[in-house]
Amino acid sequence: MVDVPLPSHLDERCLRHAGPEAASPRYVVHWMRAALRLDENPTFDVARTLASGLGLPLLVYQGIDERYPHASYRHHRFLLEGAADVAHRAKELGVKHLLHVARDGHREPVLLRLAEEAAVVITDLVDLPPWSEWTQSVARTRTVIEVDAHCVLPRTVFGRTADRPFRFRDATKRAMKQRMGQPWPRCGHEPPALPEAWEPPFTPVDAAAELSKDGAQSLLAACNIDPTVVPVTDMIGGASAGMARWNAYLKEGLSRYHRTRNNAAQRNGVSGMSPWLHHGMVAATRLVRDAAEHGTKGAEKFLDEMLVFREHAYHHVHDVDRPMDWDRLPDWARTSWRRSALTQPALVSMDLERGRSTDALWNAAQTGMIRHGVMHNNVRMTWGKGTVRWMEDPEAAMRLTQDLNDRYALDGRNPNSVAGVMWCFGLFDRPFDPPEARMGRVRRRDPRDHAARLDMGGYRAWTEAPSGAQKLSIGVVGGGLSGRFAARMLSDLGHDVIVYDKGRRASGRLSDRTADDGKPFQLGAPKLDGWPEWSERHVQDWVERGYLEVGGERPESTLPPLLDHLGEGLDVRQLHRVDGLESTAQGARLRIISPDGPMEVEHDHVLVAAPFEQSRALLDTAGIAVTGQSEPCWVAWGPCSEEDPEVPPGWTLTRRGHDGTTLEVRMDAETSAADLERSLPEMAAHVAATLGVDPEGWAAHRWRFSRPIEGPETVVRHGAFSVIGDAFGSPIGTAGAALDSAARAVANLHCTVGWEPSTVQPSLQQTDLSTWGA
3 MVDVPLPSHL
13 DERCLRHAGP
23 EAASPRYVVH
33 WMRAALRLDE
43 NPTFDVARTL
53 ASGLGLPLLV
63 YQGIDERYPH
73 ASYRHHRFLL
83 EGAADVAHRA
93 KELGVKHLLH
103 VARDGHREPV
113 LLRLAEEAAV
123 VITDLVDLPP
133 WSEWTQSVAR
143 TRTVIEVDAH
153 CVLPRTVFGR
163 TADRPFRFRD
173 ATKRAMKQRM
183 GQPWPRCGHE
193 PPALPEAWEP
203 PFTPVDAAAE
213 LSKDGAQSLL
223 AACNIDPTVV
233 PVTDMIGGAS
243 AGMARWNAYL
253 KEGLSRYHRT
263 RNNAAQRNGV
273 SGMSPWLHHG
283 MVAATRLVRD
293 AAEHGTKGAE
303 KFLDEMLVFR
313 EHAYHHVHDV
323 DRPMDWDRLP
333 DWARTSWRRS
343 ALTQPALVSM
353 DLERGRSTDA
363 LWNAAQTGMI
373 RHGVMHNNVR
383 MTWGKGTVRW
393 MEDPEAAMRL
403 TQDLNDRYAL
413 DGRNPNSVAG
423 VMWCFGLFDR
433 PFDPPEARMG
443 RVRRRDPRDH
453 AARLDMGGYR
463 AWTEAPSGAQ
473 KLSIGVVGGG
483 LSGRFAARML
493 SDLGHDVIVY
503 DKGRRASGRL
513 SDRTADDGKP
523 FQLGAPKLDG
533 WPEWSERHVQ
543 DWVERGYLEV
553 GGERPESTLP
563 PLLDHLGEGL
573 DVRQLHRVDG
583 LESTAQGARL
593 RIISPDGPME
603 VEHDHVLVAA
613 PFEQSRALLD
623 TAGIAVTGQS
633 EPCWVAWGPC
643 SEEDPEVPPG
653 WTLTRRGHDG
663 TTLEVRMDAE
673 TSAADLERSL
683 PEMAAHVAAT
693 LGVDPEGWAA
703 HRWRFSRPIE
713 GPETVVRHGA
723 FSVIGDAFGS
733 PIGTAGAALD
743 SAARAVANLH
753 CTVGWEPSTV
763 QPSLQQTDLS
773 TWGA
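And the structure:
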């Protein structure tokens, strides 16, 4: 039993989950998961108060897991920056900070191992899954105390929802006023240090070192996360960066907030603090206290947003089971939605995700979130009500809206995200009559009306600016699956991309041929497999469009149409063979043989996406060495109306064409290697003779580099060159490896190298307990 008294300002924030007691505890664990700061952090203050009271050392454990919803390079990078900042501050305070990043070879349950020797585990109060479920998991090993480190009025004090924001304001006004202006009390407890001989049950990650080494590229490459959501480069995670931003806004923008907050064309008209608030990198109590002291009309409106709308969302999610479910909408809204009808053509989810709707404002908002990880709140209300205009099922539209917000926004996966999206569908609102055909009785926000009162030019100037610091010129060598997927990603992120492909049309190892009866059939990859988890939505989109069979396996139809689809809107130059690469002071130069003759072009960066041996030969010209090996494959086909003949070992027969009269023969690697140097006519005749069929109409194709079996299995980056393809991903030789390497190479371009703490002093206006009025 942990029987150490806490001061009232901390005790009121605690939610206790009783668990087994340790016979001989060695320390107290502060499980840092949602409040990633050490200053003005009630979780940290509870942890060090209890540790001191128990006479035990304190260790701060921070885990970055792959299993949180929509785990991606963007969110992981922001978390790593925050971890580097925490580690820097922990060193100043003399606190042991341990960072674990789940990844290949490092997915052991280290928190549970730490908990086994802990007196108690102190953590941040998180109401959304899976964090709420993880709390219960740890509580089966040791007592867990959750601490509300996000709200001004603790959820453990009020913790109830209200059907309208004004009712929440009225119900909490007195308790909120008692707390909003109070300086945060100083915690003077200094627990004893851990013994020098103590070793953690894992090797901690040094986030600052990883960021300084290669922008954390190698660390992130080992994580099973979504690389298509790339890091942002103009917002840095961590308390010091967050407080630097807040101090600048406090000085230059807060007084005008009431006038500028609805003008989405003015990005700096709002504080932009939501990513740091979401991750608890800055204290809401600090921002509210500063705003209260500011005393301007802008500050008054800012406090209304913080103390009513933000706090209401947290208390609502705390109070309600399954807060993201459709049935949490009010009855009148769900009834109204059931009676509404789609009033314009439906769009598929991936088109909406890429910002390809029929509305300019909606597209600009979605594009801004894809490229920059933020969306102006006033536009977000209109954007959130827009998805349903292109989807038949309102419930599916709500899920997609939440998915897009949480996937791309740095402030997603948050009670405010839940409440904000569900407000768009009727939560916390009243009915509006008469009903509208699509929105029913739910409040309308027509994007055309919103666009008419907005400086769309100014708004699009910042939302449609390219990701990263500048627009890049990117060359992609090879127009197969890997090259085109990378090119589409880069184009969607706002960069200039040219794809150079030596073939006459989209094909590569996804090429096709025509059967005897005129029906095309797939000649290339015998199957498409190894899809990474993050690609599920892309593969499902291709299945729904008819480019893949269910499960993403080899289709009866051919695959070049998939490549054509990926190449839509791109500058793809067929019959352009790249035969040399070289580095330049500004980037890279390509030597190309084109239909118009030899040429040289320069790019800021080049992605090489050719088959492994071809890539290796090209890289040799730039002095870049890679090692690996591919296996060969012979394929022959021709007419055969008889029953399937007997075939030698290593040969596989497949019937093709409408009526199955075309026979395809595919040979395994060993058999293909034995006959590798035969000419195409010789091989066709050899196969027909072996089968005992008429050789008329038979043809053959030699895949000298059919599938890589040895290779780097990770993106190779050397200066202005990145090498991708199915030899540079995992599992090697699969379509999934080609896709994964392409996306990770693009994400790597956004992993800026280096990290330095800000010089801002985050610990201000602390006092002793005598001034605390709660």
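At position 293 of the sequence shown the residue is numbered 295 (this note's numbering), and the sequence of numbers has no breaks. Cβ atoms here follow ideal geometry from the backbone N, Cα and C, with glycine treated the same way.
Query, Result
"In its own chain, which residues sit with a C-beta less than 7 Å from the C-beta of A120, not counting the 5 before and 5 after it?", "A24, P27, Y29, V30, V31, R144"
"On the three-state DSSP scale, how would you describe G271?", "helix"
"Smallest Cα separation from T166: which of R709, L429, H452, F730?", "The sequence given here has Arg at residue 166, not Thr. Selected option, being the one with the closest Cα: L429."
"For K504, collect the residues of the same chain with a Cβ closer than 6 Å to its Cβ; drop the 5 residues on either side in sequence, then sort them by chain order.", "R579"
"Under 8 Å by Cβ, that's how I've got E110 and F204 pegged, so tell me the actual separation to the nearest angstrom.", "7 Å"
"Span of the beta strand (DSSP E) holding G599?", "599–605"
"Could you give the residue range of the alpha helix (DSSP H) that holds A612?", "Here A612 belongs to no alpha helix (DSSP H), and DSSP marks it neither H nor E."
"Could you please give the first and the last residue of the uninterrupted beta strand (DSSP E) stretch that includes Y29?", "29–34"
"Would you please state the rounded distance, in angstroms, between the beta carbons of E68 and N264? I believe it to be under 8 Å.", "Contact doesn't hold; Cβ gap of about 38 Å is too wide."
"DSSP puts V804 in a beta bridge; with which residues?", "With the chain covering 3 to 776 only, the question about residue 804 has no answer from this structure."
"What are the start and end residues of the beta strand (DSSP E) that includes R657?", "653–658"
"With the cut-off set at 7 Å, would you say T230 and A471 are in Cβ contact?", "no"
"Indicate whether the contact test is met: 3 or more Cβ pairs, each with one atom in the stretch 98–114 and one in the stretch 83–90, closer than 8 Å.", "yes"
"By the three-class DSSP mapping on this structure, what secondary structure does F430 have?", "coil"
"Looking at C-alpha atoms only, which residue of G271, R50, A638, F80 is the closest neighbour of R261?", "G271"
"Kindly indicate which residue of K253, A454, L81 has the alpha-carbon position closest to the one of A37.", "L81"
"Have a look at L8, E466, Q64, V725 and flag the residue whose alpha-carbon is nearest the alpha-carbon of L269.", "Sequence inspection shows Arg at residue 269; the Leu mentioned does not correspond to that position. The option with the nearest alpha carbon to R269 is E466."
"Is L101 helix, strand or coil when you go by DSSP?", "strand"
"Between the beta-carbon of A367 and the beta-carbon of M383, is there less than 7 Å?", "no"
"According to DSSP, which residues form a beta bridge with V62?", "H32, H99"
"Just reading off the beta strand (DSSP E) that A702 is part of, what are its end residues?", "701–712"
"Taking 7 Å as the CB-CB limit, is T298 close to chain B?", "Of the protein chains in the structure, only one exists, and it is not chain B."
"Residues in the same chain with beta-carbon distance under 7 Å from N407, minus the five sequence neighbours each way, listed in chain order, please.", "G414, S419, V423"
"With which residues is S74 paired in a DSSP beta bridge?", "D228"
"Tell me the residue span of the beta strand (DSSP E) that contains A590.", "590–596"
"I'd like the ranges of any alpha helix (DSSP H) spanning at least 4 consecutive residues and lying wholly in the stretch 158–236.", "167–182, 209–216, 219–223"
"To the nearest angstrom, report how far apart V122 and I147 are at their CA atoms.", "8 Å"
"Decide yes or no for the touch test of the stretch 676–694 against the stretch 627–642: beta carbon pairs closer than 8 Å, at least 3 of them.", "yes"
"Name the one or two DSSP bridge partners that S632 has.", "P710"
"Within 10 angstroms of its Cβ, does M601 collect 16 or more other Cβ (buried), or is it exposed?", "exposed"
"Apart from the five residues on each side of it in sequence, which residues of its chain come closer than 6 Å, Cβ to Cβ, to P647?", "L693, G694"
"Taking the alpha carbon of V390 as the point to measure from, which residue in D431, A421, T345 has its own alpha carbon closest?", "T345"
"Does the pairing of the stretch 710–730 with the stretch 599–618 give three or more beta-carbon distances under 8 Å?", "yes"
"How far does the beta strand (DSSP E) with V154 in it extend, from its first residue to its last?", "Here V154 belongs to no beta strand (DSSP E), and DSSP marks it neither H nor E."
"Which of helix, strand or coil does DSSP assign to P783?", "Within the shown structure, residues of the chain are numbered from 3 to 776, placing residue 783 beyond reach of any answer."
"Using only CA atoms, which one of L354, E135, E712 lies nearest to R401?", "L354"
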